[in-house]
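Okay, structure first, notes after.
Protein chains: 2
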Amino acid sequence: MNPNPQAGRSAPDSAQPASAFGKLACSNCKLRDVCMPVGLDENELNRLDQMVSVRRKIKKGHALFRSGDPFTAFYAIRVGTFKSRVVTPDGKDQVTGFQMAGEILGLEGISMDRHACDAVALEDSEVCVIDYQHFQMLANEFAPLQKHFHRVMSREILRDRNMMLLLGSMSADQRVAAFLLNLAQRQQARGFSGQDMMLRMTREEIGNYLGLKLETVSRTLTRLSDDGMISVDQRHIRLLNATALKALIGLTD
Amino acid sequence: MNPNPQAGRSAPDSAQPASAFGKLACSNCKLRDVCMPVGLDENELNRLDQMVSVRRKIKKGHALFRSGDPFTAFYAIRVGTFKSRVVTPDGKDQVTGFQMAGEILGLEGISMDRHACDAVALEDSEVCVIDYQHFQMLANEFAPLQKHFHRVMSREILRDRNMMLLLGSMSADQRVAAFLLNLAQRQQARGFSGQDMMLRMTREEIGNYLGLKLETVSRTLTRLSDDGMISVDQRHIRLLNATALKALIGLTD
DNA sequence: CGGATACTTGAAATAATTCAAAGAATGTGG
DNA sequence: CCACATTCTTTGAATTATTTCAAGTATCCG
Chain Z
1112 MNPNPQAGRS APDSAQPASA FGKLACSNCK LRDVCMPVGL DENELNRLDQ
1162 MVSVRRKIKK GHALFRSGDP FTAFYAIRVG TFKSRVVTPD GKDQVTGFQM
1212 AGEILGLEGI SMDRHACDAV ALEDSEVCVI DYQHFQMLAN EFAPLQKHFH
1262 RVMSREILRD RNMMLLLGSM SADQRVAAFL LNLAQRQQAR GFSGQDMMLR
1312 MTREEIGNYL GLKLETVSRT LTRLSDDGMI SVDQRHIRLL NATALKALIG
1362 LTD
Chain A
1112 MNPNPQAGRS APDSAQPASA FGKLACSNCK LRDVCMPVGL DENELNRLDQ
1162 MVSVRRKIKK GHALFRSGDP FTAFYAIRVG TFKSRVVTPD GKDQVTGFQM
1212 AGEILGLEGI SMDRHACDAV ALEDSEVCVI DYQHFQMLAN EFAPLQKHFH
1262 RVMSREILRD RNMMLLLGSM SADQRVAAFL LNLAQRQQAR GFSGQDMMLR
1312 MTREEIGNYL GLKLETVSRT LTRLSDDGMI SVDQRHIRLL NATALKALIG
1362 LTD
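Quick note, the sequences are listed as chains Z and A, same order.
Letter by letter, the first sequence follows residues 1112 to 1364 in the numbering used here.
Letter by letter, the second sequence follows residues 1112 to 1364 in the numbering used here.
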């Protein structure tokens, strides 16, 4: 009978200074292409390195932050996967996204100076802590960094709008197809296979995210598998016919 | 057989310089409490006034901007109501929001330097054009303005996340109740009645927004009306029992 | 290994959609 | 300013996609 780790407060699982040692710095980070520092020059990168000075490790099932926590920083994922979810007063919840390495967490907190969702690690993970105040001091000097920050927020809005389209108008087949294609595309952008993937989340979490019940997700995966578009072996999914999947959601390849 | 006004390009319906004359300036605007200038001091306000120098009138049914249009500015609604919608390659579309006076349109465009949705006027409307580059020059000097801008974007993310919750997990009754309560609350924040409202959108647009068919919206309104929670006379809706409506979506008043 | 969690599959139930028709409101052109 | 066409809204009946309930199997983790 383990205490549910998600029930605990979101205390740091660990914290360590980071970029004083060159090889942990933004300037050396393999995720530079998908994370904050996109498009910065040497000088700007060095300043950023000084600022992103803390890392935090989060164990599977633990929260990086929770709804209501004061907002002081946002986070760039170095290693691992998270889910974000909003929770209603009466206990209903909605997974609003799955985030992977290089993606940013916590920007929704700026609005109220408090986080408005939970971010829970789906596997042992590690994030870079980016202090908002500190970051803004830097961004006010380097306009390109400010602009990049705006782009990141704007992209988040775009992503959420597309999710509204999915939730508002797509069938179960289409939702699952869109979900798998999106995941594959992001894996590929990180140098992994665009066909093969290991899901880090349960059917229930996928269903919650897609506005479906877990049984419907399971059935839909089976159906797509029967139709030869994918192969399913538990959480190992292979895209066998991406073109057909795209066609499902109205994309001509 | 009229040419559909929505089919036309989004050319300015009209444009005029604005704030050179004091009474049209941000500093005098009745929407100050709900729009951009929140929390600025005199000095900052004057600078903002100089910048928000152009207004645009948009006739009912016409687009302020369309998906694909280059992004150069965002917009604050002075008068009227808009809907935003995203459109898929295959013609499906999703209304992602209804915006009223004081609210900001177009921030989704920053990410790609192009607008990613259409903003269509639901009645004859007028907006303040806020040039993004110009605004950023000012915001880089005045940290509070930059911070406010971030809050506006963050609030947009929050709003979209709540919409995902609605679309992902609520029944038709709950969706319509949440929609009406939200509208009423925003009307009230603008000094109008929190009970009485004139909808500016069709049942179809509401349905599209809420992930329902127009018939379902109509039936749901009838049902809420039969239950005495609201009265419906075409687009005139009156909230007769807001507490019951809130209870529907799990809010204890 | 054993208990708990995750996943699949079937059958019945249901909420919402689709199809259809008719009535009300709105706006346009004569 | 009226008449007609168009758009919008309501309502009913049949259909359907998804959910719910239920049971069984597989898998993971300590």
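Here a beta-carbon is modelled for each residue, glycine too, at the ideal position from N, C-alpha and C.
Source: prediction; values computed, not measured.
Can you tell me which of the options puts its alpha carbon nearest to the alpha carbon of residue i?
i	options	result
A:PHE1246	Z:GLU1214, Z:HIS1261, Z:THR1363	Z:HIS1261
Z:TYR1320	Z:THR1363, Z:GLY1279, Z:SER1178, Z:VAL1163	Z:GLY1279
A:MET1312	A:LEU1325, A:GLY1302, A:LEU1151	A:LEU1325
A:HIS1347	A:GLY1361, A:ALA1295, A:MET1223, A:GLY1302	A:ALA1295
A:ARG1270	Z:ALA1227, Z:LEU1276, Z:MET1308	Z:ALA1227
Z:PHE1446	Z:LEU1142, Z:ASP1224, Z:ILE1268	In this structure chain Z extends from 1112 to 1364, so residue 1446 of chain Z is not present and cannot be described.
Z:ALA1300	Z:CYS1140, Z:SER1138, Z:VAL1145	Z:VAL1145
A:GLU1252	A:LEU1151, A:LEU1310, A:ASP1337, A:ASP1180	A:LEU1151
Z:ALA1288	Z:MET1223, Z:ASP1224, Z:LEU1362, Z:ASP1180	Z:LEU1362
A:SER1164	A:LYS1170, A:MET1275, A:ILE1188, A:LEU1135	A:LEU1135
Z:ARG1225	Z:SER1138, Z:TYR1243, Z:GLN1210	Z:TYR1243
Z:VAL1328	Z:SER1336, Z:ASP1338, Z:ILE1317	Z:ILE1317
Tell me whether residue i counts as near the ligand HEM, meaning its Cβ is closer than 7 Å to at least one heavy atom of that ligand.
i	result
Z:LYS1141	Only the bare structure without any ligand can be found here, which leaves the ligand HEM out of the picture.
Do residue i and residue j have their C-beta atoms within less than 8 Å of each other?
i	j	result
Z:PHE1176	Z:ILE1221	no
Z:LEU1292	Z:LYS1357	yes
A:ASP1229	A:SER1178	yes
A:GLU1214	A:LYS1168	no
Z:LEU1332	Z:VAL1343	yes
A:SER1265	Z:LEU1256	no
A:GLY1172	A:ALA1232	yes
A:LYS1240	A:ARG1166	Checking the sequence, you will find Val at residue 1240 of chain A rather than Lys. Yes; because the gap between Cβ atoms is below 8 Å, this pair is in contact.
Z:ARG1158	Z:LEU1249	yes
A:THR1207	Z:ARG1272	yes
Z:VAL1149	Z:HIS1259	yes
Z:ARG1349	Z:ASP1307	yes
Z:ILE1268	A:GLU1153	no
Z:MET1162	Z:ALA1187	no
Whose Cβ in chain A lies nearer than 7 Å to the Cβ of residue i?
i	result
Z:MET1147	Per Cβ cutoff of 7 Å: no residues; Z:MET1147 is ~14 Å from chain A at best.
Can you list the residues of chain A that residue i reaches, using a CB-CB cut of under 9 Å?
i	result
Z:GLN1257	GLN1247, ALA1250, ASN1251, GLN1257
Z:THR1092	As shown, chain Z starts at 1112 and ends at 1364. That puts residue 1092 of chain Z outside it, with no answer to give.
Z:GLY1322	MET1275, LEU1278, GLY1279, SER1280, GLY1322
I want to verify the contact list: residues of chain A whose CB lies under 8 Å from the CB of residue i, in sequence order.
i	result
Z:PRO1200	GLY1361, LEU1362, THR1363
Z:LYS1203	LEU1276, SER1280, GLY1361
Z:ALA1254	GLN1247, ASN1251
With DSSP collapsed to three states, give me the class of residue i.
i	result
Z:LYS1324	coil
Z:ALA1358	helix
A:SER1121	Unreliable positioning characterises A:SER1121 in this predicted model, as indicated by a pLDDT of 49, which lies under 50. A coordinate reading is not provided.
A:PHE1182	coil
Z:LYS1194	strand
A:ARG1167	strand
A:MET1449	The question about residue 1449 of chain A has no answer here: the residues shown for chain A are numbered 1112 through 1364.
Z:ASN1113	Because Z:ASN1113 carries a pLDDT of 42, less than 50, the predicted location of this residue cannot be relied on, and no value is offered for it.
Z:ILE1341	strand
A:LEU1351	coil
A:LEU1151	coil
A:ILE1221	coil
A:LEU1135	helix
A:ARG1143	coil
Z:ARG1189	strand
Z:GLY1208	strand
By the criterion of Cβ-Cβ separation under 8 Å, what are the contact partners of residue i in chain Z?
i	result
A:VAL1197	ARG1272, ASN1273, MET1275, LEU1276
A:LEU1335	By Cβ distance, chain Z contributes nothing, its closest Cβ being about 19 Å from A:LEU1335, past 8 Å.
Give the interface partners of residue i over in chain Z, defined as CB-CB distance under 7 Å, in chain order.
i	result
A:ARG1262	ILE1221, SER1222
A:GLU1267	ILE1268
A:CYS1228	ARG1272
Which full runs of the alpha helix (DSSP H) of 4+ residues lie inside the stretch 1224-1310 of chain A, going along the chain? DSSP runs (the alpha helix (DSSP H)) wholly in the stretch 1224-1310 of chain A: 1243-1252, 1254-1280, 1283-1300.
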